[in-house]
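Notes follow once the structure below has been shown.
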Amino acid sequence: MKQWITLLTATAIFVSCSKQNLKEDLQQDKEPASVAGPSTTTGNYITAWENYSNWAKSDQGNVTVFTVQRKSDEVTSSVTNGGLVLTYAKLATTNPLYASFNNPKMLPFYFLPESERPLPQTFYFTSSVSNGVITITYRVPYTKENSPMMAGGASLQKIQFQHIILPTEFLQSRGLSASTIRNNYTYDQVMNLLNQ
482 MKQWITLLTA
492 TAIFVSCSKQ
502 NLKEDLQQDK
512 EPASVAGPST
522 TTGNYITAWE
532 NYSNWAKSDQ
542 GNVTVFTVQR
552 KSDEVTSSVT
562 NGGLVLTYAK
572 LATTNPLYAS
582 FNNPKMLPFY
592 FLPESERPLP
602 QTFYFTSSVS
612 NGVITITYRV
622 PYTKENSPMM
632 AGGASLQKIQ
642 FQHIILPTEF
652 LQSRGLSAST
662 IRNNYTYDQV
672 MNLLNQ
């Protein structure tokens, strides 16, 4: 009988926790507070994971380009002249062909299963920066639709983006170049670098 009382008590305690608190706890475990936001001592800046709904569409011959711009005061001349902006994307999907997109993926990349060979520069995400602005583009074959057809349960509005801004001084203080980080560092390695 004591076993049943203990089991019922444990169940009652577990059920009494709100779903919101559990969700917040899980979110905190996924995104450590130590890397979110600006760092005043190093000058780097990391955005939260963001969704964008204001994609602009333009047709360029046989290609349609969807573009979104994010204003970012942290993108200064120190960043555009020798620094680095890394843009990562991820998408929560249960489609096994697109499972690699559940984890952060650095732009540029093709939004296709690994086994498919795309037409050059189509189904392709890229990013660029200028002082105060980060631009993300997604290129697809020409479409009349206001939003591109995407597989894997995706839409442009469901894909999350995170921007990591590293000024020249931050890179120099660690003896690194922008190309070294862009070409050789995984997402986890970049996060570890920022926590040093």
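Position 12 of the sequence shown, counting from 1, maps to 493 under my numbering, and the rest follow consecutively. Beta carbons are placed, not taken as given, at the ideal position from N, Cα and C, and that holds for glycine.
The beta carbon of Leu578 is closer than 7 Å to those of Pro594, Gly633 in its chain, skipping five residues each way along the sequence. The alpha helix (DSSP H) runs lying completely inside the region 538–566 and spanning 4 residues or more are 558–561, given in chain order. Of the residues assessed, Thr575 falls on the exposed side of the cut-off, its CB having fewer than 16 other CB atoms within 10 angstroms.
The C-beta distance from Tyr569 to Lys586 rounds to 6 Å, short enough to meet the 8 Å contact threshold. Annotation: Val566 to Thr557 spans about 11 Å, alpha carbon to alpha carbon. Under the DSSP definition of a beta bridge, Met630 lacks any partner. An exposed status is given to Gly542, since fewer than 16 other beta-carbon atoms sit within 10 Å of its beta-carbon. Looking only at Arg663, Arg655, Thr624, the smallest Cα-Cα distance to Pro589 is reached by Arg663. In the structure shown, the three-state DSSP call for Gln641 is strand. Rounded to the nearest whole angstrom, the C-alpha separation of Gln677 and Thr624 is 46 Å. With fewer than 16 other Cβ atoms from the protein chains shown falling within 10 Å of its own Cβ, Val614 counts as exposed. Counting along the chain, no beta strand (DSSP E) covers Arg663; the unbroken alpha helix (DSSP H) around it starts and ends at 659–665. Ranked by how close their Cα comes to the Cα of Val549, the residues Arg620, Asn562, Gln670, Leu600 have Arg620 in first place. Burial is judged here by how many other beta carbons sit within 10 angstroms of a residue's own beta carbon; Pro629 has at least 16 and is buried.
Judged by DSSP in its simplified three-state form, Pro622 adopts strand.
The beta carbon of Asn612 sits closer than 7 Å to those of Val556, Thr557, Ser558, Thr561, all from its chain and outside the five residues before and after it, given in chain order. Counted as a single uninterrupted DSSP element, the alpha helix (DSSP H) harbouring Phe651 occupies residues 649–654.
With 16 or more other Cβ atoms from the protein chains shown falling within 10 Å of its own Cβ, Pro648 counts as buried.
The distance from the Cβ of Thr616 to that of Ser609 is about 5 Å, consistent with a contact at the 8 Å cut-off.
Taking every protein chain shown into account, the CB of Leu600 has fewer than 16 other CB atoms within 10 angstroms, so this residue is exposed.
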